[in-house]
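**Student:** Residue numbers (my numbering), protein chains in the order written: chain W, 109 to 255; chain X, 4 to 297. Sharing a structure below in structure tokens format, with a few things to ask.
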């Protein structure tokens, strides 16, 4: 019998449950290894070679190499573990959060200073808030890439 | 006997710790937040406890995916601030209280709450940021601290109801400890925030404040909040608020664990301070101090 997962109808949100955790085990353990300075150095010296030491899927490795955190999460990554990649890159958490929405860090910071992202329209998939698929990515970071 | 005198509730945003450590508390971005904790620091000086029982969560620091304890109690003599990737925070080491911690573990396990007992563990910002907010930058923390880590990283996290009842059992455990100790219980994390995905940055001021009202005045009702409400209304990381219910359940106006039906309860706690601020980095900061009366 299927488990009750009422959180799957929330837009722009991947809940890190037991199934995602199983899928992402090696991806997250790779991230955990970046807590050690010597591992950060080895990863930075040759990212691909370091990733190949882990029993991750090819898709997980590509997602890490692309620094696409949403992609990482779809393949089982958890944000607290993934944040260690950002720390290795010398990026702030706000920068990482911004990249997940298509915003620049400045745009994201302004959104937070203005009271944060509203829950209006962002509670259920199918509404029309700014986190909905049809309105994402939402920021200049994305439009710059397309230009 | 030991007794719980007060509960403290606060967010534990890592950027707050960084702002304190880097001397940025007077910058315009941070000044309103730290102003809200000035009465709290004074309150701590006026109400110094003998032990703090500090409920927090580990953020992929001490616990990787190798071990995911739902409830973990620190029974060690001391705990070092963890290196979370930027070097350890320049804060004092945390001195534990192994005797009281072990006593609580034995008591609540006998009351059917299966704790993981941890004799070696580093503590991350979840534990040290609340200490910094309440105590400033002392050379040593004012008293021993018992770290109590709750899994809120991998879903499902424990329910609000279970956390609330665990708080009741912790109070019973504290009150059966023979030494005459003044114990505070702190619940940390929250309030609304989401750190992941296209919905990152979610803040829900109205929901947070309504939940805080309930947590203070009608904690049974707050404890009945289903998981999905936290996630949908307060963001995927807003679910950290279940940890506040452990502290709230340990207060005197809640029936003690195992007390017979209709047994008298203590008076409502006094609200010594309440504060709310948006934003601290990605998060809505909530804070309250409740004192047991008499």
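Don't be surprised by glycine CBs; every beta carbon is placed ideally from N, CA and C.
Taking 8 angstroms as the cut-off, decide whether the C-beta atoms of residue 94(X) and residue 43(X) are in contact.
**Tutor:** Result no, Cβ atoms of residue 94(X) and residue 43(X) do not sit closer than 8 angstroms.
**Student:** Mind listing, in chain order, the continuous beta strand (DSSP E) runs of no fewer than 3 residues lying wholly within the segment 50-111 of chain X?
**Tutor:** Listed in chain order, the complete beta strand (DSSP E) runs (minimum 3 residues) inside the segment 50-111 of chain X are 54-59 and 74-77.
**Student:** What separation, rounded to the nearest whole angstrom, lies between the Cα atoms of residue 98(X) and residue 105(X)?
**Tutor:** One C-alpha to the other measures close to 15 angstroms.
**Student:** Please look up how many angstroms separate the CB atoms of residue 123(W) and residue 234(X), rounded, as I've assumed it's under 8 angstroms.
**Tutor:** That belief holds up - the Cβ atoms of residue 123(W) and residue 234(X) are roughly 7 angstroms apart, short of 8 angstroms.
**Student:** State the Cα-Cα distance for the pair residue 197(W) and residue 190(W), rounded to the nearest angstrom.
**Tutor:** Approximately 11 angstroms, taken between the alpha carbons.
**Student:** How should residue 179(X) be labelled, buried or exposed, when 16 other C-beta atoms within 10 angstroms of its C-beta is the threshold for buried?
**Tutor:** Flag for residue 179(X) reads exposed.
**Student:** Would you grab the beta carbon distance between residue 202(W) and residue 284(X) for me? Rounded to a whole angstrom, and I think it's under 8 angstroms.
**Tutor:** About 6 angstroms separates the two Cβ atoms, so the contact holds.
**Student:** Could you tell me the boundaries of the alpha helix (DSSP H) in which residue 35(X) lies?
**Tutor:** Run containing residue 35(X): 34-38, per the alpha helix (DSSP H) assignment.
**Student:** With respect to the beta strand (DSSP E) encompassing residue 185(X), which residues constitute its N-terminal and C-terminal limits?
**Tutor:** From DSSP, the beta strand (DSSP E) with residue 185(X) extends over 185-191.
**Student:** Tell me which same chain residues have a C-beta within less than 6 angstroms of the C-beta of residue 226(X), skipping the five on either side of it?
**Tutor:** So the qualifying residues of the chain are 163, 164, 167 and 248.
**Student:** Given 8 angstroms as the limit, is there contact between the segment 144-154 of chain X and the segment 206-222 of chain X, that is, 3 or more CB pairs closer than that?
**Tutor:** No, the segment 144-154 of chain X does not touch the segment 206-222 of chain X.
**Student:** Cβ closer than 9 angstroms: which chain W residues qualify as neighbours of residue 23(X)?
**Tutor:** Going along chain W, no residue has its Cβ under 9 angstroms from residue 23(X), so there is no contact; the nearest lies around 17 angstroms.
**Student:** Taking the Cβ atom as the reference point for each residue, do residue 2(X) and residue 71(X) lie within a distance shorter than 8 angstroms?
**Tutor:** No answer is possible for residue 2(X): it lies beyond the span of chain X, which begins at 4 and ends at 297.
**Student:** Under 7 angstroms Cβ to Cβ from residue 179(W), same chain only, skipping five residues before and after it: list those, please.
**Tutor:** The answer, listed in chain order, is 171.
**Student:** Skipping 5 residues on each side, what residues in its chain have a beta carbon closer than 6 angstroms to that of residue 185(W)?
**Tutor:** Around residue 185(W): 132 and 135.
**Student:** Buried or exposed: residue 266(X), going by 16 or more other Cβ atoms within 10 Å of its Cβ?
**Tutor:** Residue 266(X) comes out exposed.
**Student:** Kindly list, in the order they appear in chain W, the residues whose Cβ is closer than 7 angstroms to that of residue 282(X).
**Tutor:** Here the neighbours are 220, 221 and 224.
**Student:** Between residue 137(W) and chain X, is the shortest Cβ-Cβ distance under 8 angstroms, so that the two count as touching?
**Tutor:** So, interface residue.
**Student:** So is the beta-carbon of residue 246(X) under 7 angstroms away from any non-hydrogen atom of the ligand MN?
**Tutor:** The ligand content of the structure shown is nil, which means the ligand MN is not present either.
**Student:** Looking at the unbroken beta strand (DSSP E) that takes in residue 206(X), where does it start and where does it end?
**Tutor:** No beta strand (DSSP E) holds residue 206(X); DSSP gives it neither H nor E.
**Student:** Which residues in chain X sit within 7 angstroms of residue 231(W), going by Cβ to Cβ distance?
**Tutor:** Result: 235.
**Student:** If you run the structure through DSSP and keep just helix, strand and coil, what is residue 188(W)?
**Tutor:** Here residue 188(W) sits in helix by DSSP.
**Student:** Could one say the Cβ of residue 227(W) lies closer than 8 angstroms to chain X's Cβ atoms, at least one of them?
**Tutor:** Chain X, which has a Cβ nearer than 8 angstroms to the Cβ of residue 227(W), makes this yes.
**Student:** Counting only runs of 4+ residues fully inside the segment 113-190 of chain W, write out the alpha helix (DSSP H) ranges in chain order.
**Tutor:** Complete alpha helix (DSSP H) runs here, min 4: 126-131, 133-141, 145-153, 155-159, 166-173 and 177-182.
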